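Visitor: Okay, here's the structure, questions in a sec.
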Amino acid sequence: MPPRLRMTGIAKRFGATAALAGVDLEVGEGEVVALIGENGAGKSTLMKVLCGAIAPDRGMMELDGRGYAPRTPLDARRRGVAIVHQELCLAPHLSVAENILLGAEPRRLGFVRRAARRAGALAALAQLGAVDIDPDRLAGSLPLAAQQLVEIARALAANPRLLVLDEPTSSLAADDARRLFAVVRRLRGAGVSIVYISHFLEECRVVADRFAVLRDGRSVGSGAMGNAGQSTLIRLMVGREVSELYPRTAHVLGEPLLALDGVSGRRLPRAATLSLRRGEVLGIFGLVGSGRSEMLRAVFGLDPIRGGSVSIGGREVTRASPRARLRSGMGLVSENRKEEGLALGRSIADNLTLTRLGRYARFGVVSGERQRVAARGWMDTLTVKARGPDQAVGELSGGNQQKVAIGRLLHHGAEILLLDEPTRGIDVGAKTHVYRLIDELATAGKAIIMVSSYLPELLGVCDTIAVMCRGRLAAARPAREWSEASLLAEAIGAQPVGAEHR
Amino acid sequence: MNETPGEIETSDAVASGEALGSRRPLPWRVLERLGPFLALVLLWLGFGIAYWACNHGPDAMDPWAFFSYRNSCLILSQSAIVTVAACGMTLIIVSGGIDLSAGSAIALCSVVAALVQLHGGGPALAILAAVGCGMAAGLLSGGVIAGTRMMPFIVTLGMLGVARGIAKGLANNETVNYAEAPGSWFSVLMRPYPLDADPGMLHNLCAHPLQAVAPGVWVAVAAVAIMATVMGRTVFGRHVYAIGSNEAAARLCGIRVPLVKIMVYGFAGAFIGLAASLETAKLHQGDPTTAGGRELDIIAAVVIGGASLAGGTGTVVGAVVGAVIMGVLRNGSQQLGWPTYMQEIIIGAVIVVAVGIDRLRLRASAQAA
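Chains as they are written, first to last, in our numbering: chain E, 3 to 504; chain L, 4 to 372.
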């Protein structure tokens with residue numbers, strides 16, 4: 003008998019990066035397969051291919067032995083493939099019942115049969131054991147966990163043969179998660195096949211029959227869940243050669259520049275405490291959704307701080323605006339370079355000097371020539387490759403764009419640099435340039451916090467590393483005390499790898 | 004599952020969230036629901052009292068004329084055209100779009116309706132032609148928006164010029180004057196008070212209740228009923244809300260978003276065509292320069308009625324209230340004899356204040372939820 007799903011040699015490129023480079027996956031009837039891998043390993047892309055949201059460049063898919071090439075999510079749904087997406091995907095202005103049967107409304111002559119819709123929604127919610135959710139309430143007014151359950155109910159309402167759950171417990175409480183596991187077991191008993199994606203290995207061990215590991219867009223291993231220890235899985239997830247070169251000089255640590263004391267945001271982070279010294283590069287690791295970016299935003303004053311304090315050089319700035327923080331010498335490079343970092347259509351000179359244009363102005367009129375001269379100087383210092391200071395930033399490569407973004411903070415005279423994923427979306431050669439720049443800045447006495455999902459670079463570049471898990475920041479430890487496996491284990495919230503055999 | 008403190012906290016959040024689901028006191032909820040309608044009543048009372056204050060001298064004829072049957076008929080018939088067009092605009096705005104070409108499209112359709120009658124077609128055929136023309140313009144805009152994923156703002160801004168130009172070209176830059184049979188049903192569509200003040204008016208009203216207001220008002224009522232049913236009860240209507248609320252989610256749920264969008268603009272265009280027919284009946288001619296800037300009145304009516312330009316929310320009934328608010332404003336300032344420039348300033352200010360209050364109200368209820 004053919005398996006429920008067979009994917010072979012799936013490949014997909016986005017521009018220059020290969021998101022998937024030959025993935026094989028097999029799921030049998032009534033089988034739960036845990037799909038695991040680091041952030042950016044390609045799990046979500048693979049599932050988008052499976053549900054017809056994006057088309058693969060190469061590869062074959064079969065469903066119950068028949069060819070399967072969905073062109074739209076509707077195709078996939080008709081073939082019995084349902085997916086619960088990682089990001090919430092509800093229409094907040096519609097009722098719970100409408101959301102559950104969205105796109106599959108019971109109808110007569112174009113009219114919605116409202117009683118049937120309500121009954122169908124109630125049935126799906128009951129299947130989940132989520133009977134406390136009122137089907138007539140607006141989806142947007144529900145708490146996050148309930149919204150997640152509504153989304154799972156939507157997938158169940160389609161009576162799927164193959165169900166994909168992408169991080170289904172990321173916003174569920176322990177009780178709801180346990181109910182979900184019971185549903186997964188029940189569905190498996192009814193012959194439904196399930197692909198279960200989760201960062202939490204403990205969870206995968208509870209629900210899955212088999213596992214499949216992705217790394218850098220490739221399948222690197224699969225097997226029966228029962229035989230695999232946690233350390234085996236972690237090794238499969240991270241096991242890569244360290245091919246990049248990490249320039250590194252000894253940094254001399256000076257006086258403390260930045261101190262966080264129990265900083266809490268609106269939702270994340272929760273009571274983050276750390277201290278950053280002059281000349282220090284502090285790395286922060288955590289899974290997507292752990293609150294790393296939220297913490298940087300709160301520290302820089304972009305999001306409200308609900309508790310705790312931030313001080314720069316001993317002076318409290320908790321309530322200060324981002325503008326005031328910039329003046330006190332703190333700068334942020336957002337992980338979203340294109341939307342929050344740079345004005346892509348403007349020149350390098352404009353972008354570099356944006357925050358202190360007054361320097362180049364006389365009576366309020368900015369002199370383009372003096373701006374260009376200054377920009378040329380910074381471009382030399384940062385080794386930005388471009389035609390000249392007048393070239394639009396959008397035309398530069400990712401690495402050079404990032405140098406301009408960091409250069410703007412330096413031009414402003416920032417002493418504390420908050421870098422969120424500074425090497426995201428730039429190629430390996432350019433990454434080395436960014437690492438070298440960070441190293442030089444630290445040597446010159448700047449203090450740097452670098453958030454990253456890429457373990458080798460954290461271990462290669464940082465002096466100290468702290469791990470964030472579910473909004474909590476653990477104490478920073480020197481980088482040499484960490485390994486990829488121990489960082490990942492801490493981020494997942496598991497026991498240390500060594501302590502597995504009790 | 005290992006229970007970390009984080010999970011326990013989320014669980015608390017769920018519990019408190021559900022507890023907050025128990026809603027706020029009844030009077031407050033009634034106020035919330037009635038929001039724009041309450042504003043309409045207050046505005047109407049305000050203008051009526053202001054009129055009395057200005058006209059209650061000994062030689063005044065009727066200090067309460069603002070509240071009279073005749074003036075109410077006038078307000079309703081003046082609001083009818085915007086109401087019909089607002090039905091279509093509500094559909095578009097709920098889908099997350101906008102139509103800036105509504106005013107020009109009204110002129111174009113009204114020229115078409117007049118030309119049909121000029122060349123011997125009957126009024127019924129003229130209305131059909133106007134509706135078809137509005138639908139065609141809407142399908143074109145919708146097709147470009149869905150096909151190229153351009154911003155509706157830009158596409159319909161282009162259509163604003165195109166439709167106005169075609170209207171002027173078709174009409175040779177003049178008004179189109181067709182021969183109208185006196186007293187024909189088309190010619191009285193927009194007569195504000197069909198039962199002109201006659202001694203037995205109350206008696207007449209009871210005998211012919213349907214003739215109490217302009218026939219155009221009944222057209223508007225029918226248009227509202229149709230659109231309210233489509234938006235509230237049909238699969239198509241709910242998909243429009245879903246697209247405006249979260250387009251990505253709608254696509255992933257298998258809704259054919261481009262098709263629905265094209266239908267939205269086409270369907271809305273038909274209502275614009277219907278509004279244009281009323282405009283023709285009111286002017287008794289086709290005027291290619293009519294309704295300039297009317298799209299802003301229409302959009303304002305929809306937004307005052309509680310729709311968000313971000314999409315996903317808004318109702319036809321709300322838009323009707325918005326249209327009548329605009330009608331009361333115009334009528335009231337005319338009755339009080341304010342100069343036109345004052346009317347424009349006041350109407351502009353009222354739009355911003357009304358929408359501002361509505362947003363504050365929504366934010367308050369969102370924080371309570």
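Glycine included, every Cβ here is placed at the ideal spot set by N, Cα and C. What you are looking at is a predicted structure, and each value in this text was computed from that prediction instead of being measured.
What residue from E/H87, E/G39, E/S330 and E/L262 has the CA that sits closest to E/R237's CA?
Guide: The residue labelled residue 237 of chain E in the question sits at position 235 within the first sequence. Per the Cα distances, E/G39.
Visitor: Spatial neighbours of E/A99 within its chain, please: CB distance less than 6 Å, with the 5 preceding and 5 following residues excluded, ordered by chain position.
Guide: Counted from its first residue, the first sequence places residue 99 of chain E at position 97. The residues are R119, R120, A123 and P137.
Visitor: Does the separation of the CB atoms of E/G267 and E/A300 fall below 7 Å?
Guide: Your numbering for residue 267 of chain E matches position 265 in the first sequence. Your numbering for residue 300 of chain E matches position 298 in the first sequence. Yes, the pair counts as a contact, with Cβ atoms nearer than the cut-off.
Visitor: If you run the structure through DSSP and keep just helix, strand and coil, what is L/P212?
Guide: On the second sequence, residue 212 of chain L is found 209 positions in, with the first residue counted as 1. L/P212: helix per DSSP, three-state reduction.
Visitor: Helix, strand or coil: which one does DSSP assign to E/G495?
Guide: Mapped onto the first sequence, residue 495 of chain E falls at position 493. Three-state result, E/G495: coil.
Visitor: Quick one: Cα of E/I56 to Cα of L/T293, how far?
Guide: Here residue 56 of chain E corresponds to residue number 54 of the first sequence, with the count starting at 1. Here residue 293 of chain L corresponds to residue number 290 of the second sequence, with the count starting at 1. So the two alpha carbons sit approximately 48 Å from each other.
Visitor: Just grab the DSSP bridge partners of E/F113 for me.
Guide: Translated into positions along the first sequence, residue 113 of chain E becomes position 111. Looking at the DSSP assignment, E/F113 forms a beta bridge with E/R110 and L/T237.
Visitor: Counting C-beta neighbours from all protein chains within 10 Å, is the total for E/N353 16 or more, i.e. buried, or is it exposed?
Guide: Mapped onto the first sequence, residue 353 of chain E falls at position 351. That one is buried.
Visitor: Got a sec, what are the start and stop residues for the alpha helix (DSSP H) L/T159 sits in?
Guide: Position 156 of the second sequence, counted from the first residue, corresponds to residue 159 of chain L. Taken as a continuous stretch (DSSP letters only), the alpha helix (DSSP H) holding L/T159 covers P155 to L173.
Visitor: Less than 7 Å between the beta carbons of E/Q149 and E/L90, yes or no?
Guide: As a position in the first sequence, residue 149 of chain E is number 147, starting the count at 1. As a position in the first sequence, residue 90 of chain E is number 88, starting the count at 1. For E/Q149 and E/L90, yes; Cβs fall inside 7 Å.
Visitor: Are the beta-carbon atoms of E/I154 and E/L37 separated by less than 7 Å?
Guide: Sequence index remark: in the first sequence, residue 154 of chain E carries index 152 (1-based). Sequence index remark: in the first sequence, residue 37 of chain E carries index 35 (1-based). Going by C-beta atoms, E/I154 is not nearer than 7 Å to E/L37.
Visitor: By how many angstroms is the C-alpha of E/R212 removed from the C-alpha of E/P75?
Guide: Here residue 75 of chain E refers to the residue found at position 73 of the first sequence. Here residue 212 of chain E refers to the residue found at position 210 of the first sequence. Answer to the nearest angstrom: the Cα atoms are 26 Å apart.
Visitor: Spell out the partners DSSP gives L/G351 in its beta bridges.
Guide: Working through the second sequence from its first residue, we reach residue 351 of chain L at position 348. Partner(s): none; L/G351 has no beta bridge.
Visitor: L/A226 to E/R220, Cα distance in whole Å?
Guide: Taking the first residue of the second sequence as position 1, residue 226 of chain L is located at position 223. Taking the first residue of the first sequence as position 1, residue 220 of chain E is located at position 218. Approximately 58 Å between the Cα atoms of the pair.
Visitor: Distance cutoff 7 Å, beta carbons only. Does E/P94 sit that close to anything in chain L?
Guide: If you number the first sequence from 1, residue 94 of chain E lands on position 92. Judged by the 7 Å Cβ criterion, E/P94 is in contact with chain L.
Visitor: Taking 6 Å as the limit between beta carbons, can you name the residues of its chain near L/P291, skipping five residues before and five after?
Guide: Working through the second sequence from its first residue, we reach residue 291 of chain L at position 288. The answer, listed in chain order, is A110, V114, A170, K171 and A174.
Visitor: What's the gap between the Cα of E/G396 and the Cα of E/E204?
Guide: Working through the first sequence from its first residue, we reach residue 396 of chain E at position 394. Working through the first sequence from its first residue, we reach residue 204 of chain E at position 202. Their Cα atoms are separated by approximately 43 Å.
Visitor: Report, in whole angstroms, the separation of the C-beta atoms of L/G91 and L/A223, which I expect to be a contact under 8 Å.
Guide: Within the second sequence, numbered from 1, the residue matching residue 91 of chain L stands at position 88. Within the second sequence, numbered from 1, the residue matching residue 223 of chain L stands at position 220. Contact flag wrong, Cβ pair sits at about 12 Å.
Visitor: Does the CB of E/P75 have a neighbour CB from chain L at under 7 Å?
Guide: Along the first sequence, read from residue 1 onward, the residue named residue 75 of chain E stands at position 73. Yes - at least one Cβ of chain L is within 7 Å of the one on E/P75.
Visitor: Please classify L/C256 as buried or exposed, where buried requires at least 16 other C-beta atoms within 10 Å of its C-beta.
Guide: The count along the second sequence starts at 1 and reaches residue 256 of chain L at position 253. So L/C256 counts as buried.
Visitor: Between E/A93 and L/A310, what straight-line distance do the alpha-carbon atoms span, to the nearest angstrom?
Guide: Taking the first residue of the first sequence as position 1, residue 93 of chain E is located at position 91. Taking the first residue of the second sequence as position 1, residue 310 of chain L is located at position 307. Cα to Cα, E/A93 sits roughly 16 Å from L/A310.
Visitor: Which full runs of the alpha helix (DSSP H) of 4+ residues lie inside the stretch 154-196 of chain E, going along the chain?
Guide: Taking only runs of at least 4 residues, the alpha helix (DSSP H) segments lying wholly in the stretch 154-196 of chain E are 176-191.
Visitor: Please name the residue, chosen from E/S173, E/L96, E/S485 and E/A141, that lies closest to L/G235 on a Cα-to-Cα basis.
Guide: The residue given as residue 235 of chain L occupies position 232 in the second sequence. Taking only the C-alpha atoms, the option nearest L/G235 is E/L96.
Visitor: Nearest-angstrom Cα distance between L/G51 and L/L37?
Guide: Taking the second sequence and counting its residues from 1, the one referred to as residue 51 of chain L is at position 48. Taking the second sequence and counting its residues from 1, the one referred to as residue 37 of chain L is at position 34. Straight-line Cα distance between these residues: approximately 21 Å.
Visitor: Give the DSSP bridge partners of E/R60, in chain order.
Guide: Residue numbering aside, residue 60 of chain E sits at position 58 when the first sequence is read from its first letter. According to DSSP, E/R60 bridges with E/A13.
Visitor: Hey, how far is the Cα of E/Y248 from the Cα of E/P458?
Guide: The count along the first sequence starts at 1 and reaches residue 248 of chain E at position 246. The count along the first sequence starts at 1 and reaches residue 458 of chain E at position 456. When rounded, the distance between both Cα atoms is 9 Å.
Visitor: Please name the residue or residues paired with L/V358 in a DSSP beta bridge.
Guide: Residue 358 of chain L sits at position 355 when you count from the first residue of the second sequence. Answer is none; L/V358 lacks a bridge partner.
Visitor: Can you confirm whether E/L421, when its beta carbon is compared against all beta carbons of chain A, has any partner nearer than 7 Å?
Guide: Among the protein chains in the structure shown, which are E and L, there is no chain A.
Visitor: DSSP three-state label for L/L46, please.
Guide: Mapped onto the second sequence, residue 46 of chain L falls at position 43. Note: L/L46 maps to helix in three-state DSSP.
Visitor: Which chain L residues are close to E/V1, counting only those with a beta carbon under 7 Å from its beta carbon?
Guide: Residue 1 of chain E falls outside the range modelled here, since chain E spans only 3 to 504, and no answer is possible.
Visitor: Taking C-beta pairs closer than 7 Å, name the residues in chain L that E/R79 reaches, listed in chain order.
Guide: Here the question's residue 79 of chain E lines up with position 77 in the first sequence. Chain L residues near E/R79: G257.
Visitor: Quick check on L/L363: buried or exposed, where buried means 16 or more other Cβ atoms within 10 Å of its Cβ?
Guide: To locate residue 363 of chain L, count along the second sequence from 1; it is residue 360. With fewer than 16 other Cβ atoms within 10 Å, it is exposed.
Visitor: Check whether the Cβ of L/I360 lies closer than 7 Å to any Cβ atom in chain E.
Guide: The residue given as residue 360 of chain L occupies position 357 in the second sequence. No - not a single Cβ of chain E is within 7 Å of the one on L/I360.
Visitor: Looking at chain E, is there any beta carbon in it that lies within less than 7 Å of the beta carbon of L/A245?
Guide: In the second sequence, the residue the question calls residue 245 of chain L occupies position 242. Yes, contact with chain E.
Visitor: When the Cα atoms are used, what is the spatial distance from E/E33 to E/T10?
Guide: Reading the first sequence from its first residue, position 31 is the one you call residue 33 of chain E. Reading the first sequence from its first residue, position 8 is the one you call residue 10 of chain E. Each residue's Cα considered, the two are about 18 Å apart.
Visitor: What residues from the stretch 314-344 of chain L come within 7 Å of chain E, judged by C-beta to C-beta, listed N to C?
Guide: Of all residues in the stretch 314-344 of chain L, G315 and T316 have a Cβ within less than 7 Å of some Cβ in chain E.
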